[in-house]
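Asks:
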Amino acid sequence: MLQRDLQNGRIPDFAELSLHQPLTPRCLDGKVVSMRAVNGVATTQELVSAVLDAVLREYPHVLCQELNSDSDVKPPRELNPSFYGSYDWHSAVHSHWTLLRSLDLDLTEHQRERVITVLDQHLSSEKLMQEKQFFAGPGGLFFERPYGWAWLAALYSECHRCSTNESDVQISTMAKKWCKALDPLYELLRHRLIEYFSTVLPYPIRTGLHSNSAFSLSLMLQTAKTLKDEELSRCVVRFAEQWFLADKSINWTTEPSGSDFLDPGLEEAALMACILEPQRFASWIETTLVTEEMYRWHPPQFKRSPSEPGSVHLEGLLISRSWCLSSIVDILGPNSKIGNAAQLGLDEHLEQVVGIDVTDGFGRSHWLPTFLTYLNVKLEAHLYF
Numbered sequence: 070m071l072q073r074d075l076q077n078g079r080i081p082d083f084a085e086l087s088l089h090q091p092l093t094p095r096c097l098d099g100k101v102v103s104m105r106a107v108n109g110v111a112t113t114q115e116l117v118s119a120v121l122d123a124v125l126r127e128y129p130h131v132l133c134q135e136l137n138s139d140s141d142v143k144p145p146r147e148l149n150p151s152f153y154g155s156y157d158w159h160s161a162v163h164s165h166w167t168l169l170r171s172l173d174l175d176l177t178e179h180q181r182e183r184v185i186t187v188l189d190q191h192l193s194s195e196k197l198m199q200e201k202q203f204f205a206g207p208g209g210l211f212f213e214r215p216y217g218w219a220w221l222a223a224l225y226s227e228c229h230r231c232s233t234n235e236s237d238v239q240i241s242t243m244a245k246k247w248c249k250a251l252d253p254l255y256e257l258l259r260h261r262l263i264e265y266f267s268t269v270l271p272y273p274i275r276t277g278l279h280s281n282s283a284f285s286l287s288l289m290l291q292t293a294k295t296l297k298d299e300e301l302s303r304c305v306v307r308f309a310e311q312w313f314l315a316d317k318s319i320n321w322t323t324e325p326s327g328s329d330f331l332d333p334g335l336e337e338a339a340l341m342a343c344i345l346e347p348q349r350f351a352s353w354i355e356t357t358l359v360t361e362e363m364y365r366w367h368p369p370q371f372k373r374s375p376s377e378p379g380s381v382h383l384e385g386l387l388i389s390r391s392w393c394l395s396s397i398v399d400i401l402g403p404n405s406k407i408g409n410a411a412q413l414g415l416d417e418h419l420e421q422v423v424g425i426d427v428t429d430g431f432g433r434s435h436w437l438p439t440f441l442t443y444l445n446v447k448l449e450a451h452l453y454f
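Going by this note's numbering, the first residue of the sequence shown is number 70, and it counts up by one from there.
Structure (structure tokens):
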């Protein structure tokens, strides 16, 4: 089990575990695990190279678009000139978020310049205006709602964060330009997200796939905090309390489904952990558990195959469950009954994340690097790292 009192007296930084050079093996619950194998990528540079390759790769591509005329049938690079790669639009968007996050890491000078060049090419005013025009048309009214829209909000807020980095004048200057270019598209999708959750959606969507309401709301809440957008923050809190606060007796044993990459119950818990005071959250999560069996969060067992979408989704589930469990531990602490169960579950899930090679095959590399990076960000924000 990954605990604070490892033999060397410290918990290794997750960035070390996942992105940096191979480390001396450490013990997890008495078992020696190679830190190099946490995500199958030995260095930051290899992970970032996989993301760069993905965002520049137009095919294969999945386009879930409503067609209204023959003229709507175009190659991805013409329909969505900023976000045409990474297999689908939402993955292209969040891969650009990952590239922005990578600028905080230990890149070579050449790779850093390549990341900046690709971001500057894709986040140009001209291309992003075409993206906005696409969404303003009939084919864009429901396209990628809400998952892709929420990731676009996260990308915009990450640009804003980078623009305030006074220690790196180059990145700050470039990020200000990217923010300005993204602003029209962000404002359109921000408005639509609020409208979608407030007037369109009568009930939350509790699924382990892209339409999951809780995860998109979590991304929106983080965006609101970064941008100090009080209106958006109030909206998210209102939606979360309206839909989830009265929940009781969630049957956690029905999860996961065979193609899940998000855990509906845990994503809901992670969202509520962000909006409720600790004591109120502790009371809330206790009422959502049917029996003690419900909070023995063991990792799903499955045969891994980089060419099988369902298997790759379940690898993503291992990662996303980890960030949810970390949110629970952060609020409850590891000594409470549920907090301890969440800590045990987190440790078991991280041991499984060790075996994921996020660069092995396009089915993984077009999206799993983002999930690993998001996990890294979430863990860095929590107490035990």
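Note that the Cβ used here is the ideal one computed from N, Cα and C, for glycine as well.
1) For Lys294 and Asp139, I'd like the C-alpha separation in whole angstroms.
2) Please report the Cβ distance between Ser151 and Glu200, rounded to the nearest whole angstrom; I am assuming they are in contact, meaning their Cβ atoms lie under 8 Å.
3) Return helix, strand or coil for Ile397, following the three-state DSSP convention.
4) Does the segment 372-387 come into contact with the segment 420-440, if we say contact requires no fewer than three beta-carbon pairs (one atom in each stretch) closer than 8 Å?
5) Buried or exposed: Ala309, going by 16 or more other Cβ atoms within 10 Å of its Cβ?
6) Roughly how many angstroms lie between the CA atoms of Lys406 and Gly414, to the nearest whole one?
7) For a quick check, are the C-beta atoms of Pro375 and Gly334 less than 8 Å apart?
8) The alpha helix (DSSP H) spanning His159 covers which residue range?
9) In whole angstroms, what separates the C-alpha of Glu127 from that of Gly402?
10) Which runs of the alpha helix (DSSP H), 4 residues or longer, sit entirely within the segment 294-378?
11) With distances taken from CA atoms, which of Trp392, Asp329, Ser395, Ala244 is nearest Val381?
12) Mind checking whether Gln291 and Ala338 have CB atoms under 8 Å apart?
13) Cys133: buried (16+ other C-beta within 10 angstroms of its C-beta) or exposed?
14) Please go through the segment 178-212 and give each complete alpha helix (DSSP H) segment of 4 or more residues, from N-terminal end onward.
15) If you follow the alpha helix (DSSP H) that Val446 is part of, which residue opens it and which one closes it?
Replies: By the coordinates alone:
1) Distance between the alpha carbons of Lys294 and Asp139 is about 42 Å.
2) Correct: roughly 5 Å between the Cβ atoms.
3) Secondary structure at Ile397: helix, using DSSP grouped into helix, strand and coil.
4) Touching, per the Cβ criterion.
5) Ala309 is buried by the Cβ-count criterion.
6) Lys406 and Gly414 have their alpha carbons spaced roughly 12 Å apart.
7) Their beta carbons are not under 8 Å apart, which means Pro375 does not touch Gly334 by this criterion.
8) 158-171 is the span of the alpha helix (DSSP H), which, as asked, contains His159.
9) Going from the Cα of Glu127 to the Cα of Gly402 covers about 45 Å.
10) With a minimum length of 4 residues, the continuous alpha helix (DSSP H) runs that stay inside the segment 294-378 are 299-313, 333-344, 347-356.
11) Cα-wise, what sits closest to Val381 is Asp329.
12) No. Outside cutoff.
13) Cys133 should be labelled exposed.
14) Complete alpha helix (DSSP H) runs here, min 4: 178-191, 194-205.
15) That run of the alpha helix (DSSP H) goes 437-449.
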